[in-house]
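Below: one structure, written as C-alpha cells.
Protein chains: 10
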Amino acid sequence: MLLNIDPILSPDLLFILRAMGHGDSLAIVDANFPAEGLGPKCIRADGSDATAILRAVLSLLPLDAKVADPAICMAVVGEPDAVPEAVADFQAVIQEVADTPRDIQSLERFAFYERAKTASAVVQTGERRLYGNILLTKGVIG
Amino acid sequence: MLLNIDPILSPDLLFILRAMGHGDSLAIVDANFPAEGLGPKCIRADGSDATAILRAVLSLLPLDAKVADPAICMAVVGEPDAVPEAVADFQAVIQEVADTPRDIQSLERFAFYERAKTASAVVQTGERRLYGNILLTKGVIG
Amino acid sequence: MLLNIDPILSPDLLFILRAMGHGDSLAIVDANFPAEGLGPKCIRADGSDATAILRAVLSLLPLDAKVADPAICMAVVGEPDAVPEAVADFQAVIQEVADTPRDIQSLERFAFYERAKTASAVVQTGERRLYGNILLTKGVIG
Amino acid sequence: MLLNIDPILSPDLLFILRAMGHGDSLAIVDANFPAEGLGPKCIRADGSDATAILRAVLSLLPLDAKVADPAICMAVVGEPDAVPEAVADFQAVIQEVADTPRDIQSLERFAFYERAKTASAVVQTGERRLYGNILLTKGVIG
Amino acid sequence: MLLNIDPILSPDLLFILRAMGHGDSLAIVDANFPAEGLGPKCIRADGSDATAILRAVLSLLPLDAKVADPAICMAVVGEPDAVPEAVADFQAVIQEVADTPRDIQSLERFAFYERAKTASAVVQTGERRLYGNILLTKGVIG
Amino acid sequence: MLLNIDPILSPDLLFILRAMGHGDSLAIVDANFPAEGLGPKCIRADGSDATAILRAVLSLLPLDAKVADPAICMAVVGEPDAVPEAVADFQAVIQEVADTPRDIQSLERFAFYERAKTASAVVQTGERRLYGNILLTKGVIG
Amino acid sequence: MLLNIDPILSPDLLFILRAMGHGDSLAIVDANFPAEGLGPKCIRADGSDATAILRAVLSLLPLDAKVADPAICMAVVGEPDAVPEAVADFQAVIQEVADTPRDIQSLERFAFYERAKTASAVVQTGERRLYGNILLTKGVIG
Amino acid sequence: MLLNIDPILSPDLLFILRAMGHGDSLAIVDANFPAEGLGPKCIRADGSDATAILRAVLSLLPLDAKVADPAICMAVVGEPDAVPEAVADFQAVIQEVADTPRDIQSLERFAFYERAKTASAVVQTGERRLYGNILLTKGVIG
Amino acid sequence: MLLNIDPILSPDLLFILRAMGHGDSLAIVDANFPAEGLGPKCIRADGSDATAILRAVLSLLPLDAKVADPAICMAVVGEPDAVPEAVADFQAVIQEVADTPRDIQSLERFAFYERAKTASAVVQTGERRLYGNILLTKGVIG
Amino acid sequence: MLLNIDPILSPDLLFILRAMGHGDSLAIVDANFPAEGLGPKCIRADGSDATAILRAVLSLLPLDAKVADPAICMAVVGEPDAVPEAVADFQAVIQEVADTPRDIQSLERFAFYERAKTASAVVQTGERRLYGNILLTKGVIG
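If you read the sequences in order, they're chains A, B, C, D, E, F, G, H, I and J. Heads up: the first sequence at position 109 corresponds to 109 in full-length UniProt numbering, and the numbers run straight through without jumps. Heads up: the second sequence at position 36 corresponds to 36 in full-length UniProt numbering, and the numbers run straight through without jumps. Heads up: the third sequence at position 91 corresponds to 91 in full-length UniProt numbering, and the numbers run straight through without jumps. Heads up: the fourth sequence at position 102 corresponds to 102 in full-length UniProt numbering, and the numbers run straight through without jumps. Heads up: the fifth sequence at position 3 corresponds to 3 in full-length UniProt numbering, and the numbers run straight through without jumps. Heads up: the sixth sequence at position 118 corresponds to 118 in full-length UniProt numbering, and the numbers run straight through without jumps. Heads up: the seventh sequence at position 63 corresponds to 63 in full-length UniProt numbering, and the numbers run straight through without jumps. Heads up: the eighth sequence at position 22 corresponds to 22 in full-length UniProt numbering, and the numbers run straight through without jumps. Heads up: the ninth sequence at position 137 corresponds to 137 in full-length UniProt numbering, and the numbers run straight through without jumps. Heads up: the tenth sequence at position 22 corresponds to 22 in full-length UniProt numbering, and the numbers run straight through without jumps.
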C-alpha cells in the first residue's frame with residue numbers, strides 16, 4: 001500500500017495508469033466480460049466491483065477533455081436506450097470524481113469489443129451486474 | 001466465473017490450488033505483508049479481505065489432517081500469546097468451513113517469513129488489519 | 001485434486017475455464033484432431049475420453065443461452081446428416097448436465113477447423129472414436 | 001497418435017523418455033503427490049491411473065539391470081513393511097512387461113521426495129489410491 | 001534410446017510426430033534445403049540421409065489415406081517429369097513400409113517451398129543428393 | 001502523468017513502491033553507484049537528483065517506525081563521522097516530508113553494498129555529488 | 001557515467017543511438033505523449049525536459065543532410081502555423097548544436113503518431129509543455 | 001578460433017552461414033547502414049571492413065550459380081551507373097575467391113533495403129566507405 | 001552446408017566449437033549417455049557415430065598441448081584397464097587427425113559425469129557401442 | 001556510428017560501459033580466452049585487436065584512482081615476471097590515454113579467470129598475441 005493512493009489499485013494497474021498517455025484508453029469490465037484473450041493485458045480485480053475501481057482510477061486519471069466520448073459503455077442488446085444500473089452508477093461516480101465530467105456514450109456490444117481491443121489494458125473486476133463495463137480515455141495534465 | 005466456485009478465486013489462484021499436492025502450503029497475507037519479492041509466485045487479491053479468501057480457499061482445499069499445524073499464523077511481536085482480531089476470524093472460518101478443523105498455531109514473525117518462502121504461492125489480499133496472515137497445508141483427498 | 005471438482009480437470013484446464021468470459025469458446029477434440037499447431041493453447045487430456053471431459057467441463061461452465069449454437073460438432077465428411085456415436089453421447093451429456101441444454105449444431109470439417117482456431121483453448125482428449133469433437137460457447141452467470 | 005505406441009503417452013512424456021539416458025530416473029505419481037513445485041518438469045496425466053502409465057512407459061523404457069533398485073516406491077508411513085494395493089499392481093506390471101523384472105524397493109516418505117527431485121520428470125497421474133507412486137531408473141540398450 | 005523405436009528419431013522429432021494430427025504435414029529435406037528460416041521448427045538430422053529418416057518416420061506415422069497426395073516431392077527445375085534418384089528411393093520405402101502406400105506427387109520448386117511453410121516441422125537431413133525432399137501428410141488411426 | 005503524483009516517479013518506480021511490503025527496502029543511489037549489476041532491478045532516473053527522488057518517494061512511502069534505521073547512508077571512506085552535503089540534504093527532506101522522521105544511520109561502504117543487494121530495487125539517479133546514496137525501509141499503513 | 005558524454009543519456013538511449021543507421025529516426029516526446037504502447041521501445045527520461053535530451057542527443061547524432069525534414073514536430077491542433085514555445089526552443093538547440101541545422105517541419109497530430117511508430121525508439125521525457133515532441137532522422141558519418 | 005577458419009567469422013556468423021540453405025541470402029553492410037531494426041538478425045562486426053568479411057564469408061559460402069544476381073550492391077543515389085570504390089573491391093574479391101564468380105548487380109537504395117529485409121542475417125561491419133553493402137545468395141553444394 | 005567443413009557439424013555444434021576458448025572442454029557421448037539433463041547444452045547428433053563426430057571436430061579444434069589429459073574417456077566399470085573398442089577407435093582418430101596427438105586418459109564413471117558437467121556442450125551421438133564417450137579440451141591457436 | 005565516439009565500440013559495449021559504476025570491472029581478452037561460458041555477458045569484437053579496444057574504452061571510462069590495481073593482466077605461466085608484448089602495449093596505451101595512469105598489476109592464470117568472472121562484461125577481441133588480456137576497474141566521475 002501507499003500513502004494517499006487507493007489500495008485497490010494493484011501494482012500492475014498503477015503501472016499502466018502511469019504509463020498511459022494522452023488518448024490512450026483503459027477498459028474496466030464486469031466479471032462476465034471476455035477479457036483474458038481480448039488482446040490487451042488483462043489486470044485482475046476479482047474482489048472489487050466496477051464502480052469502486054472506476055472511483056479509484058479517476059482519483060489519478062484525467063479524462064480527455066478534447067473528445068466527445070472520453071467515457072463509453074456497452075449498449076444493452078436490443079434496448080440501445082436503456083441505462084443499466086451499473087452504468088447509472090458509473091455516471092454518478094464521474095460526476096462526483098472526474099476532473100472534467102462528461103456524459104457516458106454507448107457503443108453496440110461488438111463495436112465495444114473492438115474498441116476495447118485497442119485499450120492499454122483491461123481491468124477485470126468482480127462486478128456481478130450485467131453491462132458493468134466502461135472505457136475511459138486519458139486526457140492531458142497541463 | 002464458474003458454476004459452484006466462489007468468483008473471488010482468480011484463474012491463477014484456482015490453478016495453484018489445483019496444482020498443489022499433499023504437504024504443499026499456501027500463504028494468505030495482509031496488505032502490508034512483503035509478498036512480491038519473497039520468492040513464491042505472488043497472486044494479487046487487493047479487493048478482498050483475508051477471511052473472504054480463506055473461506056473461498058477452504059471450500060476447495062482440504063487441510064492436512066496428518067500434521068499438528070495445518071494452519072499457522074504470525075505471532076504478535078512482543079506478545080506471543082495475543083490473538084489478533086483477524087486470527088480470531090480465521091479460526092472461526094476454519095471451524096465453520098474446513099473439512100478437518102484444527103487450532104491455528106503461531107510462529108514468530110521472521111520464522112513465519114521463512115516458512116512462507118516455501119509456500120506454493122502467496123495470496124496478497126487487501127486485508128487492512130495487522131497480522132492478517134495465515135499459512136495452510138494441503139491434505140489428501142481419499 | 002480439489003474438493004467438489006472433477007479431478008480430470010487439470011490445473012491448465014481449470015485456469016482457462018475460469019478465465020473465459022461470455023462468448024468465448026472451448027474445443028474438446030478427439031485423439032486424431034490436429035490440435036497442437038492450430039493456434040490456441042493445446043491442453044492435453046490423453047487419458048480421458050471426450051464425453052468424460054465434456055461432463056466435467058459442463059459441471060463448471062454455463063452454455064451461452066443467448067445464441068442458437070452454443071455447442072457445435074464436426075459434420076461427417078460426405079454425410080452431413082449423420083450423427084456419429086460420439087456426438088450422440090455428447091448430446092446425452094448436455095441434456096443431463098448443462099444448465100441450458102441445446103441441440104448440437106454441426107459445421108463442415110474445414111469450417112470447424114476455422115472456428116476452433118478462435119477458441120480460448122483446445123483440449124486434446126484420448127477419444128478414439130472419429131468425429132469426437134465439440135465446440136462450446138460460454139454463457140453468462142447472473 | 002502413432003502406430004505401435006500407447007496413445008496415453010503424450011508428446012511431452014514421449015520426449016522425456018527418449019531424452020533420458022542410462023541412470024536417469026522417472027517418477028510416476030498419484031493424484032495427491034506434490035508434483036508441480038518439486039523441481040523436475042511435471043507432466044500431467046490426470047485421466048490415467050498409475051498402472052496404465054507404468055505399463056505404457058515400460059513398453060519403451062528399459063529398467064537399469066545394473067542397480068539393485070531400478071524401481072522404488074514410497075514406504076507406508078508407520079508401516080514400512082506394508083505393501084499397498086497400488087504397489088502390488090506395479091510389481092505385477094513389472095513382472096509382466098519389464099525387460100529385466102526386479103523387486104520394487106521402498107524409501108521412507110521424505111527420502112522418496114528427495115529422490116524424486118532428481119528425476120528427469122514427474123508424471124502426475126489421476127491415480128486415486130494412496131501410495132500410488134513409483135520411481136524408475138532407465139537402463140542401457142545394447 | 002527406447003525399445004522398439006528407431007534411434008535416429010530424436011526427442012524433438014518424436015515429440016512432433018506424436019503431436020501431429022490428421023491432415024498435419026512433415027517435411028523431410030536434404031542438406032541444401034533452406035530449412036532454418038522457413039517458418040516451421042527445424043529439426044536437425046545432419047548425420048542421417050533422407051531415406052533413413054523417411055523409413056523411421058513411416059514406422060510410426062500413418063499416411064493420410066483420404067487425400068490423393070499424402071506424399072509430395074519437389075519437381076526437377078526444367079524437367080518436371082524427371083524422377084530423381086532420391087525420389088525413386090522414397091517411393092520404394094513407401095511401398096515397403098507405409099500402411100497405405102501411394103504414388104508420390106510432385107510440386108514446382110517454389111510451390112513446394114510454400115507448402116513446406118505450412119508443415120508442423122522440417123527435418124533437415126544430411127542427404128547429399130539433390131531433390132532429396134518429401135512432404136508427408138498424417139492420416140487417422142482408427 | 002497522473003493527478004496528485006510527482007511525475008518524476010516513472011511507471012516502474014511506482015510499481016515497485018506499491019508492490020513493496022513491510023520491511024522491504026529501496027535504494028536511491030548516485031550516478032557513480034554500481035547499480036546495474038548489483039542484483040535487484042535497476043530503475044533509471046538519470047535526469048533527477050537524489051533528493052528530488054527521495055522527496056517524491058516519501059510522498060507515497062511510509063518509513064518503518066518499528067526499526068531504528070529506516071534510512072541508511074554510506075559512511076565516508078576513512079571519515080566515518082563526516083556528513084556529506086547530499087546526506088545532509090536527505091536528512092532535511094526526511095524531516096520535512098516523512099511521516100515518521102528518523103536520523104539517518106550510516107554503514108561502511110562495502111556493508112552498504114551488501115545491504116543494497118537485498119533491496120526491492122535500486123533507483124539510479126543523476127546525482128553528481130559523492131555519497132548521494134540512501135536506503136529506505138518501508139513501514140506499515142494502518 | 002562516461003567521460004565526454006552527457007550523463008542524462010542512459011545506457012538504453014546510448015545503445016539505441018549507436019545502433020541506429022542512416023535514415024532511422026528517434027522520437028523525443030513530452031510527458032503527455034502516448035509513448036509506452038506505441039510500438040517502438042519506450043525509453044524513460046522522466047526527470048529531463050525535452051530540450052535537454054535534444055541537446056544531448058545532437059551532441060552524438062548527426063542529422064540527415066540528404067532529406068528536407070530531418071527534424072519534425074507535431075502541428076498545433078487547429079492552428080497548424082503556430083509555433084509552440086517548446087518547438088521554438090528545439091529550433092534554437094538545433095541551430096546551436098546540430099552538425100547540419102535545418103528548419104523543423106511539422107506534421108498533423110495523427111500523422112505524427114503514425115510516423116513515430118516507425119521510430120527506432122521513443123524517449124519519454126518529463127517535458128511539461130504541450131507539443132514538446134520532435135522526430136529526428138539520423139544522417140551519415142563520412 | 002578454429003583451425004582453417006578465418007577468425008573474423010564470429011560464432012553467430014558461422015552459425016548462420018551453416019544454417020542457410022539454397023537461395024537464402026546474407027547482407028554484409030557498412031557502418032552507416034540501418035541494420036539493427038531492419039528485421040533479420042543483426043550480427044556486429046564493427047572492427048572489420050566489408051571486404052575482409054566478404055573474403056572470409058566466400059571462403060565457406062558457395063554463390064548461387066543458378067541465378068543471374070547472386071551478388072547485389074546498392075546503386076549510387078542519382079548515379080545508378082557509378083561504381084563506388086567499395087563495390088569495385090567487392091568485385092575483385094569475388095573474382096579471386098568465389099567458387100562461381102559473377103558480376104555484381106545493383107538495386108536502387110530503397111529496393112535494396114526491401115531485399116535486405118529478406119536476408120537470413122545482416123552483418124554490420126565497420127566499413128567507413130559509403131555504399132559498402134553487398135547481398136549474397138547461397139548456392140548448392142553437390 | 002559449407003565449403004571445406006564436414007557437414008555432420010550442425011550449426012549449433014559449429015557455434016560452440018568457435019565460441020570455446022583455451023581450456024574449455026567438449027563431451028562427445030554415446031546413445032545411452034544421460035546427456036539431456038546433465039547441465040551443459042545438449043547438441044543432438046543421433047544419426048552419427050562418435051568416431052565420425054570426433055574426426056569432424058578435430059578437423060577444426062586444436063587439442064590442449066599444455067595439459068596431460070586433453071582427451072579423456074570413461075573407465076570400464078570393474079575393469080579400469082580395459083580398452084573398449086570405441087575408445088581404441090577414438091585413439092586411432094586422434095593419432096591420425098589431431099594437431100597434437102595424446103594418449104587418451106580415463107576417469108571412473110561418476111567422476112567422468114562430474115567432469116562432463118563442466119563441458120561447454122555435450123554432443124549426443126547415435127554411437128551404439130558402450131563406453132563410446134570422450135571429453136576433449138581445447139588448446140591455443142598461435 | 002556516433003559523433004566523437006570511436007566506432008569500434010559496438011552498441012552492446014557502449015551500453016555496458018555506461019551502465020557500469022564505481023568499482024565495476026571490464027575484461028578485454030584475446031582470441032584464445034575462454035570468454036563465452038565464463039559467466040559475464042560476452043561481447044564479441046573479433047575484428048579488433050585488444051589494444052585498439054583498450055584505447056577506445058579508455059577514451060570513455062575513468063580508471064579507479066582509489067585502488068592500487070585498476071588494471072590487471074594475466075601473469076605468464078611459469079614466468080610471473082615476464083612482460084608479454086601485448087601487456088607492454090597495454091601499459092603504453094594507459095600512459096597515453098588514461099585519466100589516471102597506473103602500472104598494470106598481474107594475477108596468476110586461474111586467479112585471473114576467477115576475477116574475470118566478476119566483471120560486468122568480457123570483450124572478446126581478435127587479439128592473436130598470447131596474454132592479450134586486461135581487467136579494468138571503473139573509477140568515479142566527480
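Idealized CB from N, CA, C, for every residue including glycine.
Problem set entry | According to DSSP, residues forming a beta bridge with residue 41/B | Residue 41/B pairs with 121/B.
Exercise. In or out: residue 51/D buried (at least 16 other Cβ within 10 Å) or exposed?
Worked result: Residue 51/D should be labelled buried.
For this session: Report the neighbours of residue 123/E on chain C: residues whose CB is nearer than 9 angstroms to its CB, in chain order.
Result: Ordered by position in chain C, no residue passes the 9 angstroms Cβ test against residue 123/E, which lies about 15 angstroms from the chain.
Exercise. Tell me the DSSP bridge mates of residue 28/I?
Worked result: In DSSP, residue 28/I forms a bridge with 123/I and 134/I.
For this session: Check the C-beta distance from residue 132/H over to residue 46/H and give it rounded, since I have them as a contact under 8 angstroms.
Result: Actually they do not touch by this definition, with Cβ atoms about 13 angstroms apart.
Problem set entry | Closest residue to residue 21/B among 102/D, 117/D, 58/D and 36/D (Cα-Cα distance) | Answer by Cα proximity: 36/D.
Problem set entry | Pairwise C-alpha distance: residue 16/H and residue 31/E | Rounded to the nearest angstrom, the two C-alpha atoms are 14 angstroms apart.
For this session: Output yes if chain A places a C-beta closer than 8 angstroms to the C-beta of residue 54/F; else output no.
Result: By this cut-off, residue 54/F is not an interface position.
Exercise. How far does the beta strand (DSSP E) with residue 107/A in it reach, from first residue to last?
Worked result: Counting along the chain, residue 107/A sits inside the beta strand (DSSP E) bounded by residues 105-107.
Problem set entry | Among 137/J, 141/J and 116/J, nearest to residue 67/J - alpha-carbon criterion | Nearest C-alpha to residue 67/J among 137/J, 141/J and 116/J: 137/J.
Exercise. Which residue comes first and which comes last in the alpha helix (DSSP H) that contains residue 88/A?
Worked result: Residue 88/A: member of the alpha helix (DSSP H) spanning 85-97, first to last residue.
Exercise. Exposed or buried, what is residue 62/A when buried is set at 16 or more other beta-carbons lying within 10 Å of its beta-carbon?
Worked result: Burial call: buried.
Exercise. If you draw a straight line from the alpha carbon of residue 142/G to that of residue 5/J, how long is it in whole angstroms?
Worked result: C-alpha separation (whole angstroms): 14 angstroms.
Exercise. Alpha carbon to alpha carbon, what distance is there between residue 120/D and residue 9/H?
Worked result: Straight through space, the alpha carbons of residue 120/D and residue 9/H are spaced by roughly 37 angstroms.
For this session: Reducing DSSP to helix, strand and coil, say where residue 63/A ends up.
Result: Strand.
For this session: To the nearest angstrom, report how far apart residue 26/I and residue 129/C are at their CA atoms.
Result: C-alpha separation (whole angstroms): 49 angstroms.
For this session: Spell out the partners DSSP gives residue 57/E in its beta bridges.
Result: Looking at the DSSP assignment, residue 57/E forms no beta bridge with any residue, so it has no partner.
For this session: Leaving aside the five residues before and after residue 55/I along the sequence, list all residues of the same chain whose C-beta is less than 7 angstroms from its C-beta, in chain order.
Result: For residue 55/I, same chain residues with a beta-carbon under 7 angstroms away, outside a window of 5 residues either side, are 93 and 97 in chain order.
Problem set entry | Other residues of its chain near residue 143/I: CB distance less than 6 angstroms, five sequence neighbours each side excluded | Outside the shown range of chain I, which is 1 to 142, sits residue 143/I, and nothing can be said about it.
For this session: Decide if residue 23/D is buried, meaning its Cβ has at least 16 other Cβ atoms within 10 Å, or exposed.
Result: Under a 10 Å Cβ-count criterion, residue 23/D is classified as buried, with 16 or more other Cβ atoms of the shown protein chains found around its own Cβ.
For this session: For residue 79/J, write down the residues that DSSP places opposite it in a beta bridge.
Result: Note: residue 79/J sits in a beta bridge opposite 76/J.
For this session: Alpha carbon to alpha carbon, how far is residue 28/C from residue 103/C? Give it in angstroms, no decimals.
Result: For residue 103/C and residue 28/C, the gap between their C-alpha atoms comes out near 17 angstroms.
Exercise. Which first and last residues belong to the alpha helix (DSSP H) in which residue 14/G is found?
Worked result: 11-19 is the extent of the alpha helix (DSSP H) around residue 14/G.
Exercise. Does the beta carbon of residue 64/G come closer than 8 angstroms to any beta carbon on chain H?
Worked result: Output row for residue 64/G: interface = no.
Exercise. Do you know offhand how far residue 76/J's Cα is from residue 111/D's?
Worked result: In this structure, the CA atom of residue 76/J is about 50 angstroms from the CA atom of residue 111/D.
Exercise. By how many angstroms is the C-alpha of residue 101/D removed from the C-alpha of residue 13/H?
Worked result: Computed Cα separation, rounded: 51 angstroms.
For this session: If I'm right that residue 123/B touches residue 53/B with Cβ under 8 angstroms, what's the distance once you round it to whole angstroms?
Result: The beta carbons of residue 123/B and residue 53/B sit about 6 angstroms from each other, so the pair counts as a contact at 8 angstroms.
For this session: Figure out for me which residue from 7/D, 40/D and 140/D has the closest Cα to the Cα of residue 48/C.
Result: Residue 48/C has its Cα closest to that of 7/D, out of 7/D, 40/D and 140/D.
For this session: Would you mind giving the Cβ-Cβ distance between residue 80/H and residue 19/I, rounded to the nearest angstrom? I have them listed as a contact below 8 angstroms.
Result: The C-beta distance from residue 80/H to residue 19/I rounds to 42 angstroms, too long to meet the 8 angstroms contact threshold.
Exercise. How should residue 39/G be labelled, buried or exposed, when 16 other C-beta atoms within 10 angstroms of its C-beta is the threshold for buried?
Worked result: Under this definition residue 39/G is an exposed residue.
Exercise. Given residue 109/G, which residues of its chain have a CB within under 6 angstroms of its CB, disregarding the five upstream and five downstream residues?
Worked result: Cβ-Cβ distances below 6 angstroms link residue 109/G to 74 and 77 in the same chain, with the five nearest sequence neighbours on each side left out; the list follows chain order.
Exercise. Closer than 8 angstroms, CB to CB, is residue 24/D near chain E or not?
Worked result: Taking Cβ atoms only, chain E never reaches closer than 8 angstroms to residue 24/D, which makes this a no.
Problem set entry | C-beta neighbour in chain D for residue 119/E, strict 8 angstroms | No, because no Cβ of chain D sits closer than 8 angstroms to the Cβ of residue 119/E.
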